[in-house]
Amino acid sequence: MNPEELKKAWGKFTEKNEFILNPDEKYVDGIIDGVLKNEEKHGLKLCPCRLRDETKEKDLELICPCNFEIQKNWDKKGDCWCGLFVKRK
Ligand code: SF4
Numbered sequence: 001m002n003p004e005e006l007k008k009a010w011g012k013f014t015e016k017n018e019f020i021l022n023p024d025e026k027y028v029d030g031i032i033d034g035v036l037k038n039e040e041k042h043g044l045k046l047c048p049c050r051l052r053d054e055t056k057e058k059d060l061e062l063i064c065p066c067n068f069e070i071q072k073n074w075d076k077k078g079d080c081w082c083g084l085f086v087k088r089k
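When you line the sequence shown up against the working numbering, it's residues 1 to 89, in that order.
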């Protein structure tokens, strides 16, 4: 998957949800770059902002998009841990 395809897939993921992709496109491009580098290195589209502990269990939690609506950050700040997805206003 190339960066454009990934951005498109994430855009589709936000449809009919209470969140959108961060409107800062450069920021989103940076996250895409990190996720795709992780895929090259680890074989999974892992979050670029959180640390792995090299267990399969943890890696499964870190696949982007993660279950960010249960994170404290979502309640407090209205975005996922990395700020890739933000609450729709
Ligand atoms: S915190 Fe954001 S960028 Fe990181 S995995 Fe979750 S949705 Fe993706």
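Positions of the beta carbon are idealized from the N, C-alpha and C atoms, including for glycine. Keep in mind that this is a model prediction, so the values were computed, not measured.
Through-space distance from residue j to residue i, alpha-carbon basis
i: residue 44; j: residue 89; result: 31 Å
i: residue 1; j: residue 10; result: 12 Å
i: residue 86; j: residue 54; result: 28 Å
i: residue 163; j: residue 75; result: This structure gives no information on residue 163, because the portion of the chain shown stretches from 1 to 89.
i: residue 40; j: residue 7; result: 17 Å
i: residue 19; j: residue 37; result: 25 Å
Residue from the options with nearest C-alpha to residue i
i: residue 5; options: 76, 29, 16, 24; result: 29
i: residue 35; options: 57, 23, 66; result: 66
i: residue 3; options: 16, 41, 31; result: 31
Nearest-angstrom beta carbon gap, residue j and residue i [assumed within contact, 8 Å]
i: residue 84; j: residue 21; result: 7 Å
- Query: At what residue ranges does the region 2-83 contain a whole run of the beta strand (DSSP E), taking only runs of 3 or more?
  - Reply: 19-21
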